[in-house]
Structure formats: structure tokens, C-alpha cells
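Positions in the sequence shown are counted from 1; adding 328 to them yields the numbering used here.
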Amino acid sequence: MELIKSIPYGRQNISLEDIDAVVSILQSDYLTQGYAVPAFEERISQFCNSRYAVAVNSATSALHLACKALGVTQGDIVWTSPISFVASANCALYCQATVDFVDIDLDTGNIAVEILEKMLQKAKKLKKLPKVLIVVHMTGRPCNLQRINELSREYGFKVIEDASHAIGAEYMAEKIGSCRFSDVAVFSFHPVKIITTGEGGMIVTNDPNTAQKIKTLRSHGVIKDIDRFLLNSDGGWYYEQVDLGYNYRMNDIEAALGISQMNRISLFIAERRKLAKRYRTLLATLGVRTLSPAADEMSAWHLFPIFLGSSIERLAVFNKMRNIGIEVNVHYIPIYKQPYYKNLNMSFSPCPNAEKYYDCVLSLPIYFGLKEHEQDYIVGKLAEFMSEI
Ligand SMILES: *Cc1c(COP(=O)(O)O)cnc(C)c1O
329 MELIKSIPYG
339 RQNISLEDID
349 AVVSILQSDY
359 LTQGYAVPAF
369 EERISQFCNS
379 RYAVAVNSAT
389 SALHLACKAL
399 GVTQGDIVWT
409 SPISFVASAN
419 CALYCQATVD
429 FVDIDLDTGN
439 IAVEILEKML
449 QKAKKLKKLP
459 KVLIVVHMTG
469 RPCNLQRINE
479 LSREYGFKVI
489 EDASHAIGAE
499 YMAEKIGSCR
509 FSDVAVFSFH
519 PVKIITTGEG
529 GMIVTNDPNT
539 AQKIKTLRSH
549 GVIKDIDRFL
559 LNSDGGWYYE
569 QVDLGYNYRM
579 NDIEAALGIS
589 QMNRISLFIA
599 ERRKLAKRYR
609 TLLATLGVRT
619 LSPAADEMSA
629 WHLFPIFLGS
639 SIERLAVFNK
649 MRNIGIEVNV
659 HYIPIYKQPY
669 YKNLNMSFSP
679 CPNAEKYYDC
689 VLSLPIYFGL
699 KEHEQDYIVG
709 KLAEFMSEI
């Protein structure tokens, strides 16, 4: 058996084809605003079966532009999951909105729809309904989108899917990103996610106005399309700034890597599902709690979380695993616990399930390229360290 040095919780897979794709852009005329970004967008919208896809420089930028395009502004309320990366809530703060959190279901790690419904009933009476709900497909497992969609129509809010973990996941026989039950979905291409562009993100939607707004906002709010000019053109050089946008563009080097990675996405997902299944079998004998196995085959398996018996046990196991180079991690600290959020002077709904989840959760390594003998080693060490406590 080869010597195991350090095993991260997630990592990218880069092939010779990926390297060739990037090099070919470096040798071409356009490093940015060339052909690769539109080609990558086309690839993603075909894969997800969405009408539009707009590439940006991160999922964080994607979430910001999605909120902007859906009209989130000062005085508006945005709800999201407390068990997510801070970016899922920060995007609302960028737009001067107020944030609140909907507690999670401990079996799935996703927003609990019964809790959402109760919160909506209460918010309706208080006339404090959210304008947008940002759901997170935690670990790559799809939320109950159908029910969330029904509630969105009943209570009049929009839905953004933070699908940073979930490209390749499926819901009701469709790919996440089809936006059948939402207004917008966003993907992340950070190296620990399912596919990577180094840094990068994508917004998918079926609404032409939303797609156009996002395209304008990602590039300074500047348009060059003569049909959309508000004033008369001065000549062929003329462009107009029609909104306060940003430079959130993806470049062609990143897009070329993304296209090449998309050639292997089915392989990546199949391997992650295989590893997850294998973890379940190995962990079953140890009596370790995992997420409910119900939707295993639909998940993209960005993360594989387990739950230790207590926060003390989690800390001990975390330290012991890290000491021997197994880079386990914790996803996530409830967002409202962050000092920045505590100092916001906003009141957040209690999330006892999120607290419980955070206390005991530990992410085991899972990525394309993780070897079976490494998985055996991880589970073996886990068993050893748990028995020492
Ligand atoms: C990674 C991640 C983000 C941010 O993605 P970036 O591309 O790094 O900006 C947002 N939300 C969730 C749930 C994530 O996991």
C-alpha cells in the first residue's frame, strides 16, 4: 500500500485535456471576451436544460447579481438557510436587504419546509414576508423544490437556488439548474466543488429579462447593443452605461477549463455517488449517524457529513484526524453566529436544528480521485479515534 500523506476533504481533478484547453486559450487572440465564455454558457444551459446561462467570476458574484436582478433592495427581506457558506446570506446584505434564517431538517441538512411554512404564516400576519428565499442544496442533495415552489406562489416570494454544491444533482428526473421550480439557480466552480474553473460561477434561469439584467450587471452596467440604447448613438464606438454594474466577468481561460471539465462531469458524479455508497456501508458497522439515505442517488455529493455523539467528541475526532493528515472539515458554522451578523442589529429566528447540526457535524473527504484504500484508511482511523473517547 502506498504511503498516505495528506487527504484533503475535497480537491480538483485536472486532466491533460484540461491543461491543453487552457493552453490553447493562452495561445489564442482573446484571453477574455472571446468565444470560450459563450461556449461554456451554452454547455451549462444544455446540461441543465435551462434557457439561459450567464458565467461570472464566482458563485458569490452570481448570488449578488441574482438578488439584484430579482429587484432586492433596501427594505426588502431575504431568507436563507443558516447551514451554508456566508455568501448565501451576504448577497442580500450587498443589496441593503434584511436577512433571516429558516431552520433546517436534521435528516437532510436542507431548509425544513414545515418550519418555512410556519414562518411564512407568521410573516404574512406581520406583513414581513420575504421578497426572495435562497435555498441551498446542502452537500449536493436537492431541497424539496416542488413544495417550496408552491409556497412561493402562495406567499409571493421569488426563489434562488444556491446550487454551489449541486451541479449534476437531479430532482424529479431533471437536472438541478433546470429552474422548473425556481427563478434562478447558481453554481460555483471553486476547486473543491464538483467541477472547477479555478474561480468561477454560473447563473441559470428561464426568464429572458432576468438573464439580460444579469448580463448587463456583470459588465459595468454597460451595453453595446444599438437596439437597447437610451440615447442616440454617436458612432460605431458608442456604448451606454444604463445601470450601476460591476466587473464580475469570467475570462476565457477559466471558461475553457470549465468546458473541458464538463466532459467528465458524469464521471465525477458517478464516482462521488460510488464513494458515498461505500462510506455508508463502511460506516454502518460503526453506528455512525449520517444524513438520511433516502435521496442518495440524486445527490451530487459535494460533501459527505457524519455526526458524532457530541461537540466534545467532534472536536476530539477532528483534532486527531487532522493530526494524521486527514483534512476533515466542518460545514457550516450557522451564519448568524458570525460576529459580523451578531453586530448587524437584526433579529434572527431561532434555529435549534442548525445548532444541533453544527455541534456534531464533520465532513469526511470525498472527491473524484479519492482511492478506496484511502477511504478504508479514513474509516479505520475514525473507528480507532471514536473508540478512544
Ligand atoms: C462555495 C459556496 C459559495 C461561494 O462560491 P464561490 O464560487 O467561492 O464564490 C456559495 N454558497 C455555497 C453554499 C458554497 O458552498
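The beta carbon of each residue, even a glycine, is placed where N, CA and C say it ideally should be. Bear in mind that the values here come from a model prediction, so they are computed numbers and not experimental data.
Considering only C-alpha positions, which residue in the set ILE663, LEU595, VAL656 is nearest to PRO336?
Locating residue 336 in the sequence shown gives position 8, counting from the first residue. Here the closest residue by C-alpha is VAL656.
Can you grab the Cα-Cα spacing for the pair GLY484 / HIS701, in whole Å?
Working through the sequence shown from its first residue, we reach residue 484 at position 156. Working through the sequence shown from its first residue, we reach residue 701 at position 373. About 51 Å.
With respect to the alpha helix (DSSP H) encompassing PHE272, which residues constitute its N-terminal and C-terminal limits?
The question about residue 272 has no answer, for the chain in this structure spans 329 to 717.
Which whole runs of the beta strand (DSSP E) in the stretch 483–547 are 3 residues long or more, in chain order?
486–490, 512–516, 529–533
What number of angstroms, rounded off, separates the C-alpha of TYR574 from the C-alpha of ASP687?
Against the sequence shown, residue 574 aligns to sequence position 246. Against the sequence shown, residue 687 aligns to sequence position 359. Straight through space, the alpha carbons of ASP687 and TYR574 are spaced by roughly 38 Å.
Would you call the stretch 645–660 in contact with the stretch 395–406, where contact means no fewer than 3 C-beta pairs closer than 8 Å?
no
Would you give the residue range spanned by the alpha helix (DSSP H) that ALA381 belongs to?
Along the sequence shown, one-based indexing puts residue 381 at 53. Unbroken run through ALA381 is the beta strand (DSSP E), 380–384; no alpha helix (DSSP H).
Which residues count as close to ligand 1 when the rule is a CB under 6 Å from any of its heavy atoms, in chain order?
SER386, ALA387, THR388, SER412, PHE413, ALA415, SER416, VAL464, ASP490, SER492, HIS493, SER516, HIS518, GLY529
For ILE353 versus LEU359, is the C-beta distance shorter than 8 Å?
As a position in the sequence shown, residue 353 is number 25, starting the count at 1. As a position in the sequence shown, residue 359 is number 31, starting the count at 1. Yes, these two residues count as a Cβ contact at 8 Å.
If you follow the beta strand (DSSP E) that THR426 is in, where does it begin and where does it stop?
Taking the sequence shown and counting its residues from 1, the one referred to as residue 426 is at position 98. From DSSP, the beta strand (DSSP E) with THR426 extends over 426–429.
Of the residues ILE717, LEU603, TRP565, LEU421, which one's Cα is nearest the Cα of ILE640?
To locate residue 640, count along the sequence shown from 1; it is residue 312. When each option's Cα is compared against that of ILE640, the closest is ILE717.
To the nearest angstrom, how far is the alpha carbon of ARG606 from that of HIS465?
Residue numbering aside, residue 606 sits at position 278 when the sequence shown is read from its first letter. Residue numbering aside, residue 465 sits at position 137 when the sequence shown is read from its first letter. Cα to Cα, the separation comes out at about 22 Å.
Name the two residues that bound the continuous beta strand (DSSP E) containing PHE635.
Within the sequence shown, numbered from 1, the residue matching residue 635 stands at position 307. Run containing PHE635: 632–635, per the beta strand (DSSP E) assignment.
Taking its Cβ as the centre, do 16 or more other Cβ atoms sit within 10 Å of VAL351, making it buried, or is it exposed?
Taking the first residue of the sequence shown as 1, we reach residue 351 at position 23. Counting Cβ neighbours within 10 Å, VAL351 comes out exposed, since fewer than 16 surround it.
Taking the alpha-carbon positions, what's the VAL645 to HIS493 distance?
If you number the sequence shown from 1, residue 645 lands on position 317. If you number the sequence shown from 1, residue 493 lands on position 165. In a straight line, the C-alpha of VAL645 is about 25 Å away from that of HIS493.
Could you tell me how far apart the beta carbons of GLU489 and ILE504 are, in whole angstroms, since I believe they sit closer than 8 Å?
Here residue 489 corresponds to residue number 161 of the sequence shown, with the count starting at 1. Here residue 504 corresponds to residue number 176 of the sequence shown, with the count starting at 1. At roughly 7 Å, the Cβ-Cβ gap stays under 8 Å, so GLU489 and ILE504 are in contact.
Using a Cβ-based criterion (distance less than 7 Å to any ligand heavy atom), does LEU710 qualify as near ligand 2?
Although ligand 2 was asked about, the structure shown includes only ligand 1 as ligands.
Judging by CA-CA distance, which residue of ARG475, SER356, GLN355, GLN374 is the nearest neighbour of MET718?
It is not possible to answer for residue 718, since the shown part of the chain is limited to 329 through 717.
Give the secondary structure of GLU568 by DSSP, where H, G and I count as helix, E and B as strand, and everything else as coil.
Counted from its first residue, the sequence shown places residue 568 at position 240. In this structure, GLU568 counts as strand in the three-state DSSP scheme.
Tell me the DSSP secondary structure of ARG475 in three-state form.
Position 147 of the sequence shown holds residue 475. ARG475: helix per DSSP, three-state reduction.
Just mark TRP629 as buried or exposed, buried being the case when its beta carbon has 16 or more other beta carbons within 10 Å.
Residue mapping note: residue 629 aligns to position 301 of the sequence shown, counting from 1. Buried.
Write down the C-beta distance between ILE531 and GLY586 rounded to the nearest angstrom, noting that I regard them as a contact closer than 8 Å.
Counted from its first residue, the sequence shown places residue 531 at position 203. Counted from its first residue, the sequence shown places residue 586 at position 258. That pair is no contact at about 14 Å.
By DSSP's criteria, SER691 is part of a beta bridge. Which residues make up the other side?
As a position in the sequence shown, residue 691 is number 363, starting the count at 1. DSSP, once it has assigned bridges, lists PRO633, ASN657 as partnering SER691.
What distance in whole Å lies between the Cβ atoms of ASN537 and SER378, which are believed to be in contact at a cut-off of 8 Å?
Stepping through the sequence shown from its first residue, residue 378 is reached at position 50. Stepping through the sequence shown from its first residue, residue 537 is reached at position 209. No, SER378 and ASN537 are not in contact; Cβ-Cβ is about 15 Å, not under 8 Å.
THR613 by DSSP, collapsed to three states: which one?
Walking along the sequence shown from the start, residue 613 turns up at place 285. Three-state result, THR613: coil.
Starting from the Cα of ASP580, find the closest Cα among GLY338, ILE342, ASN341, ALA367 and give me that residue.
The residue you call residue 580 lines up with position 252 of the sequence shown. Looking at the Cα atoms, ALA367 is the closest of the given residues.
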